[in-house]
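Read the structure below first, then the notes.
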Amino acid sequence: MFEYFPTHYSWNMGLLMAAQLGGEMTEIDEACRPLQDLARKPNAKDDPAAQAAWVERWTALAEKIEGFARRDEAAGHALTAGKKYLRACVYWFTAERMASHKSPQKMVLYRSMVRCFETGVRLRAEPIEFFDVPYEGTTLPALLYRAPGTGAAPAMIHFDGFDVTKEWMHLCGIAREFAARGISTLMVDHPGVGATLRLKGMPMTVDSERWAKAAIDWLEKRDDIDAKRIGVVAMSLGGYYAPRAAAFEKRLAACVAWGARWDNVGSHGRILRDPNAARSITGWLDHALSYYGARTPDEAYETIAKMTLEGVADRITCPLLVVHGANDKQVPIDQAERTIRAAVNSPRAELRLFTSEEGGAEHVGGDLFSPTIDCIADWVSDVFKTRPASSGR
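Per the numbering used here, the sequence shown starts with residue 62, numbered consecutively.
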């Protein structure tokens with residue numbers, strides 16, 4: 062794995078994520094080179110000054126690239142401007158993800174990210190529609206990336222996990238790979254993530270089948286979706302959410318756990334108790350309290366302890382794929398193995414482990430997303446029996 066920050070796991074994975082979402086390495090180096098000395102300090106993971114420096118450097122880069130985008134847009138170069146807006150979106154996101162929920166700055170960063178995303182996809186004329194999916198008296202903000210062509214296409218509902226957003230889901234490229242195989246993607250900010258947490262104040266809920274029901278109900282009303290071929294994919298903590306949804310929402314025809322999560326006590330429960338554990342973001346505890354809607358770590362742990370596939374996985378009756386990195390520092394491999402072993406009623410339960418040789422060996426393949434994304438897209442295409450889509454655009 063490329064390690065720009067070999068002593069700082071959170072920063073290194075954040076940088077790799079930015080590069081794979083569409084960032085440019087020269088620009089990324091501009092933001093991060095001044096941070097290297099800070100990263101080597103023994104207390105860097107917990108040093109507020111270091112975290113502020115990360116946010117400051119990525120914010121400056123985002124502002125710079127967004128400025129270039131506005132210049133190109135004013136000159137009438139929509140496609141070029143759109144590329145830069147989307148790159149600025151990546152940099153705003155990389156700053157926002159590490160910022161504290163206690164700081165007013167986080168909302169400024171978030172709104173800047175969304176602004177650049179929406180402008181970028183509009184100028185690039187990407188096949189994305191923005192929707193609010195009805196959900197228990199409120200709505201869940203969502204993006205629909207439609208497969209090309211006419212007629213009803215199968216669809217994957219894409220939920221997240223702990224600390225990214227529906228915009229991230231699009232930028233990582235999985236929806237494009239699904240679309241190339243004739244599959245549409247509904248990317249949802251479910252409770253605990255993205256706009257649902259930041260703008261609506263809705264923390265997570267353990268029963269993800271409720272979100273899945275809302276998404277399926279909405280998709281079934283569309284003429285361009287094949288209601289018999291709707292599946293679910295979710296990453297990281299979504300390794301619990303997707304199987305749980307498939308276990309209780311029988312309309313789901315396929316399920317992908319992008320990173321296993323058999324028992325969250327063995328992951329977030331451990332990370333909550335161990336300050337030296339590999340954490341996806343700096344300020345992990347601050348984010349966890351917001352995410353779980355908890356006032357204290359003990360209260361968060363009570364919710365974490367409810368998140369298990371024990372007595373759940375055997376209810377899955379659709380095809381199930383679990384993809385997992387062999388070097389995952391956040392979730393042990395045995396959580397992937399236990400999920401597959403317990404899915405005794407799935408007609409096709411498969412585990413795909415990624416190693417360092419192939420790439421995708423870290424948590425959710427964060428060292429190299431493409432092998433994992435390609436595997437997921439091919440597997441879903443096989444299950445849904447789709448063919449490569451004609452461009453039709």
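Where a beta carbon is used, it is the ideal one built from N, C-alpha and C, also for glycine.
Within 10 angstroms of its Cβ, does residue i collect 16 or more other Cβ (buried), or is it exposed?
i	result
residue 190	exposed
residue 182	buried
residue 280	buried
residue 282	exposed
residue 84	buried
residue 132	exposed
residue 143	buried
residue 211	exposed
residue 86	exposed
residue 193	exposed
residue 63	exposed
residue 405	exposed
residue 140	exposed
residue 167	buried
residue 186	exposed
residue 278	exposed
residue 423	buried
residue 453	Low per-residue confidence applies at residue 453: pLDDT is 44, beneath 50, and the placement is therefore not dependable, though the value from the model is reported in the following sentence. Label assigned to residue 453: exposed.
residue 418	exposed
residue 400	buried
residue 444	buried
residue 299	buried
residue 421	buried
residue 104	exposed
residue 371	exposed
residue 432	buried
residue 180	buried
State yes or no: is the beta carbon of residue i nearer than 8 Å to at least one beta carbon in chain D?
i	result
residue 101	Of the chains in the structure shown, none is chain D; there is only one protein chain.
For the putative contact between residue i and residue j, defined by C-beta atoms under 8 Å, what is the C-beta separation to the nearest angstrom?
i	j	result
residue 234	residue 297	Not really, about 17 Å apart at Cβ, beyond 8 Å.
residue 113	residue 66	Not confirmed; about 16 Å, so no contact.
residue 227	residue 203	7 Å
residue 291	residue 215	7 Å
residue 351	residue 162	4 Å
residue 106	residue 126	The Cβ separation is near 27 Å, so there is no contact.
residue 364	residue 355	7 Å
residue 379	residue 307	6 Å
residue 412	residue 397	6 Å
residue 197	residue 434	Contact flag wrong, Cβ pair sits at about 31 Å.
residue 265	residue 255	Actually they do not touch by this definition, with Cβ atoms about 12 Å apart.
residue 219	residue 249	7 Å
residue 201	residue 251	6 Å
residue 303	residue 333	Not really, about 22 Å apart at Cβ, beyond 8 Å.
residue 284	residue 240	Incorrect: roughly 18 Å between the Cβ atoms, too far for contact.
Quick one: what's residue i bridged to in DSSP?
i	result
residue 246	206 and 217
residue 368	According to DSSP, residue 368 bridges with nothing at all.
residue 347	For residue 347, which the question treats as bridged, DSSP gives no partner whatsoever.
residue 324	369
residue 33	Lying before the first or after the last residue shown, residue 33 is absent from the chain, which here runs from 62 to 454.
* To do: At 4 residues or longer, and completely inside the stretch 371-418: list those alpha helix (DSSP H) runs for me, N to C.
  => Segments of the alpha helix (DSSP H) lying fully in the stretch 371-418: 394-403.
* Three or more C-beta pairs below 8 Å linking the stretch 151-162 and the stretch 117-133 -> Yes: the two stretches touch, three or more of their Cβ pairs being nearer than 8 Å.
* Ignoring anything shorter than 3 residues or poking outside the stretch 175-239, list the beta strand (DSSP E) runs there in chain order. => The qualifying runs are 189-196, 199-206 and 214-220.
* the stretch 382-392 / the stretch 318-325 touching (three or more Cβ pairs under 8 Å) -> Touching, per the Cβ criterion.
* Asked: With a cut-off of 8 Å, do at least 3 Cβ pairs link the stretch 308-315 to the stretch 270-281?
  -> They touch, by the three-pair rule.
* To do: Could you say if the stretch 329-344 and the stretch 69-80 meet the contact criterion of at least three C-beta pairs nearer than 8 Å?
  => Cβ pair count under 8 Å is three or more, so yes.
* With a cut-off of 8 Å, do at least 3 Cβ pairs link the stretch 171-178 to the stretch 142-153? -> Touching, yes.
* Considering only residues of the stretch 268-309, which uninterrupted beta strand (DSSP E) runs meet the minimum length of 3 residues and lie entirely inside it, listed in chain order? -> As far as the stretch 268-309 is concerned, its whole beta strand (DSSP E) runs of at least 3 residues are 286-296.
* Asked: Going along the chain, which unbroken runs of the alpha helix (DSSP H) with 4 or more residues stay wholly within the stretch 112-160?
  -> DSSP runs (the alpha helix (DSSP H)) wholly in the stretch 112-160: 139-157.
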